[in-house]
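Shown next, in structure tokens, is the structure this report addresses.
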Amino acid sequence: MDRRDLANLAGKVLSLSEAPQTEVIVSYARKELVRMAVNRIVHGPVDIEKVSVSVRVRDGAKMGYASTEVLTDKALAEMVDMAYFVMKNSPPIDVTWDLPGADASIEVDETDAGDIWNEDTKREIVSTLFDKAESLGVEGHGTVVTDTMKVLVANSEGLMSYAGGTTGSAKLMLRKDRKEVQDILAFTSGYTPDFHASIEKLASNISKMDKLGELPPGDYNVVLGPQAVMELLSTMTYFSFTADAASKGMSYVYAQKGKKLLPDYITVMDNVNDTRFSSLPFDFEGIKRRPVYFVMRGTMGTVVNNLYFAKKLGEQPTGHALPFDGYFSPGAYPLNIVMSGGEKTSEEIMKDLDEYIYIEGFHYVNAFLDPFNVRATGLTRYGTYRMKGTEVVEVYDNARFLQSFWEALKNVKAVSSDTYLLPHPYFAGGGFIVPYLYIENFHIGA
Amino acid sequence: MFDVLRRAVDLAMSLGATFADARAKNIKTEHISVENDRVDVSTDESLGWNIRVIVDGAWGFAATHDFSKIDEAVRRAVALAKYASSAMKYRVKLVPAPVVKGEWISSYEKDPFEVSLPEKIDLLKEAVSRMKGDALVRRYGSLSFRLEETWLVSSEGAQIYQKFIESGGGISAMAVNPQTGDVQTRSYPNSFGGQYMKKGWELIEELRLPAHAEDIAKEAMELLNAPELPEGRADIIIEPFQMALQIHETCGHPTELDRVLGEEASFAGTSFLTPDKLGTFRYGSPVVTIVADPTVPHALGGFGYDDEGVPAHRTYLVREGIFVGYLSSRETAAMLGLSSSGGAMRAEGWWNIPIVRMTSVNLLPGSGTLDELLSKLGDGYLLSTTRNWSIADDRSNFHFGVEVAYEVKNGKLTGNIFKKASYGGKTVEFWNSAEAFTGEEDYVVVGVPNCGKGEPMQTMRVSHGAPYGLFRGVKVGG
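As you go down the protein sequences, you meet chains A and U in turn.
Residue 1068 is where the first sequence starts when you use our numbering, and the numbers rise one by one after that.
Residue 3 is where the second sequence starts when you use our numbering, and the numbers rise one by one after that.
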């Protein structure tokens, strides 16, 4: 399906609606995925193609929406009828807003992640990983994923925005017994990682893993690798960075807007304009995505919103609306999170440290116990090491931690200048650009 | 529909497949929520199909919404299988399975899609309006309904139609102290959407959501001023909805055989229940018996046949404390040398390849009532309703938070409550500390509509039969 097919579907839906305001989202997604485990391809490589159409109709403060993945004229008409029915039978919403018009339309060239889409490249990634694993007597695991996403947003005010493109990702893991190391690579039109170097790094790391010790509970000085920093920010996103969280009084950022609570060298933002991302430049209401600072040089910023929450909180729209079925909760979501880098490289930071715990990644992080402070529990994963400088002293099994992530950011003592793009776990084209962090007094143990 | 799928399977076999199955799914959903004064209704319908093939000993899979693309999708699946075969030495083998031509339709009394939208909205509005208090920032109720039809055809001759009607509902109240940022929530009957079953509208009527709204709102606000549960070791009772999470995370997932064999290692993780332990390992105390049983009436994880066409049947996972079985598929059973599949192969939608999933994984009841169990407890806490959860990748340890802990002294509830209550420990130590479970009277088959696994991620609907359970010397607080 191309842009014209999506526009035709949107046009059909708009013509079926007689509501004063109508919005349509048409999205096409194709995912090809190769899943590897124990030096074999499991479940089969999969190739999945989906198209979905959503409509939202509004008459004053009355609103309804519906969606379908059945593309017949009859199904589209039934979908519009259902949206109408919901609108008629729902009570008025508490605030209303204007739709963007034709002049807000955005059209960009489709992006291309390049070589990752080549079958030979995918084959080379798989065979390189398996060959390396077999040569070391360990297991190769992971995935190679390519995504095509095309989105068209249109409304009855004349807006028609379109963007599309391809992205890719590779998750590469070497494993033996309880010892495992993993790297995650994102491929976009502006970022092409070296998977050969990644596999070599994994091979080097797994060879350092001897007998796993147990890390006793306590407060440690730690260096978090990019995967751990991504998990940290991903957890904070839900609890602290959205207008939905702010409207409930749960957002640490919004509740303390303007206060300087973190070190100068902590800056966290959502920035679709970073050229390493290949994301939609507009949201699912057709609003241009603006960069939003959650933390700017240690000072609390604001949260991302959609048109509903912008009006409700009295803020400018930021252009982060989710599709209609997630419109109110969580409503808006940052998909392109960037944590700014510091002055020294990760290697320089670690070289200067006497003794610390290096944590490659986190696993199964949850912070519902204390959402405001994002007091999170989870486990370390993919390598937990006691280090002296850049030398490994001892290797540990995965350890449980219980730590407020906001407290952890207060205790950051160094941020690496080198930053890495990691793909968003759930949104094709989204992701995290993150550095290494050196943090004092990180609590290991439940 | 069968004719279309038969064409796809026949084409795959003519292109060199040694096995092929094709399935179509039609899924219709309706979700209604009321948050404070705002009503949110979403409906969706999805119809598509997929083809799964074995060529040269490797799987290939393609899925599309487009029924005119049979030739293209089948050829793509075959090509992907050939690619997989060329990239590895392993060759897929399947254990035999009965070849079934049949159908299975879940039973329900009142089709929830026939109940009017205003009636559904009014029910939730009534529940939410009964939650009163200035500290409440979120007064919430939701109802969810799902119709799923599945058609399956295989090259071995299977031809199966299934239809499921599922309903779910729940309410919650969230209170916040703006000075401290303390957030406390109480939910009924369960958090994260409530209770789900393969039932019709009658489930929503049985839940009586408005009747419980006032109590949960009051308790959420009381929790703001309640003390935190002190850290230490304590004897505890876990109520059935929290018990469901305990079963799910520390028995259900670690007995998934694909996970045991390493197929989930780079995503969800592995399992401490390795094959060398099968049949001999003491997983829990002798009162612990856990089965996978999709034949349980109205269980959300119930069905007539799994997505490989294997008829539903009961499989023991833990019998009187000993680990004795796995959740398995035709392929994973063959890999372990088992003679038959456990019938646990399931796919979320037409766009997903089936993988090993939980069905209805049930902790069998003991005997007696909750009052009798409280008497056995003596002093301790009754922990209720999931709030927070985190589990080791191999499921060997866990840390769970609950919405509330009720104090128990001398076998009676004192009326004192504690917030930020959590408990945790090592899975095997925990299940070995089990002393007793309540009987049929307090037994609940808890529906879990959001079990995530696989890449691309699949969200499966599973369930857990769960009684109240008494555990001794558990680490709490923190």
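All residues carry an ideal CB built from backbone N, CA and C; glycine is no exception.
Treat the numbers as computed from the prediction; the structure is a model and nothing was measured.
| query | Among U/Ala228, U/Asn179, U/Phe243 and U/Lys220, which has the Cα closest to the Cα of U/Phe194? | reply | Comparing Cα positions, the closest option is U/Phe243.
| Which of the residues in the segment 1422-1452 of chain A, read from start to end, lie with their CB under 8 Å from any CB of chain U? | Of all residues in the segment 1422-1452 of chain A, His1430, Tyr1431, Val1432, Asn1433, Ala1434, Phe1435, Leu1436, Asp1437, Pro1438, Phe1439, Asn1440, Thr1444, Gly1445, Leu1446 and Arg1448 have a Cβ within less than 8 Å of some Cβ in chain U.
| What are the residues that DSSP puts in a beta bridge with A/His1430? | A/Leu1446.
| task | Give the secondary structure of A/Val1289 by DSSP, where H, G and I count as helix, E and B as strand, and everything else as coil. | result | Judged by DSSP in its simplified three-state form, A/Val1289 adopts strand.
| Where does the unbroken alpha helix (DSSP H) through A/Lys1477 begin, and where does it stop? | Element bounds for A/Lys1477: Phe1472 to Lys1477.
| request: Name, going along the chain, the residues of the segment 274-295 of chain U whose beta-carbon falls closer than 8 Å to a beta-carbon of chain A. | output: Listed in chain order, the positions of the segment 274-295 of chain U with a beta carbon within less than 8 Å of a beta carbon of chain A would be empty, since no residue qualifies.
| message | Taking the alpha carbon of U/Leu226 as the reference point, which residue from U/Asn192, U/Arg188, U/Gln248 and U/Glu258 has its own alpha carbon closest? | response | The shortest C-alpha separation from U/Leu226 is found at U/Arg188.
| query | Of all the options A/Tyr1319, A/Ala1475 and A/Ala1399, which has the alpha carbon lying nearest to the alpha carbon of A/Val1289? | reply | Among A/Tyr1319, A/Ala1475 and A/Ala1399, the Cα nearest to that of A/Val1289 belongs to A/Ala1475.
| said: Let me see if you follow: with CB-CB separation under 8 Å, is U/Arg141 close to chain A or not? | reply: Among the residues facing chain A, U/Arg141 is not included, as its CB has no counterpart in that chain under 8 Å away.
| How would you write the range of the beta strand (DSSP E) that U/His33 sits in, first residue to last? | Phe21 to Glu37 is the extent of the beta strand (DSSP E) around U/His33.
| said: Give me, in chain order, the residues of the same chain whose beta-carbon lies closer than 6 Å to that of U/Ala86; leave out the 5 immediate sequence neighbours on both sides. | reply: Taken in chain order, the residues that qualify are Ala60.
| message | According to DSSP, U/Gln493 sits in a beta bridge with which residue or residues? | response | Because residue 493 of chain U is not part of the residues shown, which for chain U are 3 to 480, the question remains open.
| query | Closer than 8 Å, CB to CB, is U/Arg132 near chain A or not? | reply | It does not: the Cβ of U/Arg132 has no partner Cβ on chain A nearer than 8 Å.
| query | In chain U, what lies closer than 8 Å to A/Gln1470 by C-beta? | reply | Proximity of chain U to A/Gln1470 at the Cβ level (cut-off 8 Å) is not reached, the minimal Cβ distance being about 12 Å.
| field | 8 Å Cβ cutoff met for U/Tyr307 and U/Trp51 | value | Not closer than 8 Å, so no.
| query | Are the segment 374-386 of chain U and the segment 259-276 of chain U touching, with three or more C-beta to C-beta distances below 8 Å? | reply | As far as the Cβ criterion goes, the segment 374-386 of chain U does not touch the segment 259-276 of chain U, which means the pair count is below three.
| message | Comparing C-alpha positions only, which one of U/Lys477, U/Leu263 and U/Thr297 sits nearest to A/Glu1206? | response | Closest by alpha carbon: U/Leu263.
| request: Taking A/Thr1412 as the reference, give the member of A/Asp1485, A/Trp1473, A/Ser1396 and A/His1430 with the closest Cα. | output: Of A/Asp1485, A/Trp1473, A/Ser1396 and A/His1430, the residue nearest in Cα terms is A/Asp1485.
| query | Which chain A residues sit within Cβ distance under 8 Å of U/Ile357? | reply | In chain order: His1110.
| Assigned exposure category for A/Thr1304 - 16 Cβ within 10 Å defines buried | A/Thr1304 counts as buried, since no fewer than 16 other beta carbons sit within 10 angstroms of its beta carbon.
| request: May I ask you to list, following chain order, the residues of the segment 1145-1160 of chain A that have a beta carbon less than 7 Å from some beta carbon of chain U? | output: Answer in chain order: Met1149, Phe1152, Val1153, Asn1156, Ser1157, Pro1158 and Ile1160.
| query | Is there at least one Cβ from chain A nearer than 8 Å to U/Phe21's Cβ? | reply | It does not; no Cβ of chain A falls within 8 Å.
| query | How many Å lie between A/Phe1308 and A/Thr1302 at the Cα? | reply | Rounded to the nearest angstrom, the two C-alpha atoms are 10 Å apart.
| said: I want to verify the contact list: residues of chain U whose CB lies under 8 Å from the CB of A/Thr1342, in sequence order. | reply: Neighbourhood of A/Thr1342 in chain U, by CB distance below 8 Å: empty, with the nearest CB roughly 27 Å away.
| query | With a cut-off of 8 Å, does the C-beta of U/Glu116 fall near any C-beta of chain A? | reply | No, its Cβ sits nowhere closer than 8 Å to a Cβ of chain A.
| chain A contact for U/Val41 (CB, 8 Å cutoff) | So yes, U/Val41 belongs to the interface.
| query | Where A/Ile1115 and A/Arg1102 are concerned, what is the direct C-alpha to C-alpha distance, given to the nearest angstrom? | reply | The C-alpha of A/Arg1102 is placed about 14 Å away from the C-alpha of A/Ile1115.
| message | Determine whether the beta carbon atoms of A/Ile1514 and A/Leu1374 lie at a separation below 8 Å. | response | Given that chain A is displayed from residue 1068 to residue 1513, the structure contains no residue 1514 of chain A and the question cannot be resolved.
| Boundaries of the alpha helix (DSSP H) in which U/Asn399 is found, first to last residue | Annotation: U/Asn399 is outside any alpha helix (DSSP H); the continuous beta strand (DSSP E) that includes it extends over Asn399 to Lys411.
| So does the segment 429-440 of chain U actually touch the segment 452-466 of chain U, counting three or more Cβ pairs closer than 8 Å? | Put simply, the segment 429-440 of chain U does not touch the segment 452-466 of chain U. Fewer than three CB pairs are less than 8 Å apart.
| field | Closer than 9 Å at the beta carbon, the chain U residues around A/Gly1131 | value | Within 9 Å Cβ-Cβ: Val43.
| task | Can you give me, in chain order, the residues of the segment 335-353 of chain U that have a beta carbon less than 8 Å from any beta carbon in chain A? | result | Near chain A, meaning a CB-to-CB distance below 8 Å, the residues of the segment 335-353 of chain U are Trp353.
| Proximity below 8 Å, CB of U/Thr20 to CB of U/Ile72 | Result no, Cβ atoms of U/Thr20 and U/Ile72 do not sit closer than 8 Å.
| A/Glu1247 in three-state terms, based on DSSP | DSSP places A/Glu1247 in the strand class (E or B) of the three-state scheme.
| task | Below 8 Å on the Cβ atoms is my guess for U/Pro367 versus U/Pro469; work out the distance and round it to an integer in Å. | result | Indeed they touch by this definition, with Cβ atoms about 5 Å apart.
| task | Please name the residues in the segment 410-427 of chain U whose beta-carbon is closer than 8 Å to at least one beta-carbon of chain A, in chain order. | result | Residues of the segment 410-427 of chain U whose Cβ lies closer than 8 Å to any Cβ of chain A, in chain order: Lys422, Ser424 and Gly426.
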